[in-house]
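Counting from 383, one number per residue, gives the positions in the sequence shown under our numbering.
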Amino acid sequence: MHVTLPDGSPLELPDGATVADAAAAIGPRLAKAAIGS
């Protein structure tokens, strides 16, 4: 899956990736904030 971040940079994720997977790929703090744990 190809995602374009707000700053225009690309993020490639495997097919079937979740929003939590995307957040984790960007950074652990974002992942923690996104999933609320």
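Glycine is no exception: its CB is placed at the ideal position from the N, C-alpha and C atoms.
Paired residues, beta bridge with residue i - DSSP
i	result
T386	P392
Neighbourhood of residue i by C-beta, 6 Å cutoff - its chain only, sequence neighbours within 5 removed
i	result
A406	A413
Spatial neighbours of residue i in its chain, beta-carbon cut-off 7 Å, leaving aside the 5 residues before and after
i	result
G416	Here residue 416 is Ala; the residue named in the question, Gly, does not match the sequence. Cβ within range, chain order: V401, A402, A405.
D397	M383
Pairwise C-alpha distance: residue j and residue i
i	j	result
A399	G390	20 Å
H384	G418	24 Å
Residue i vs residue j beta-carbon contact at 9 Å
i	j	result
T386	L395	no
Close beta carbons around residue i, own chain, < 8 Å, minus the five adjacent residues each side
i	result
I408	L387, L393
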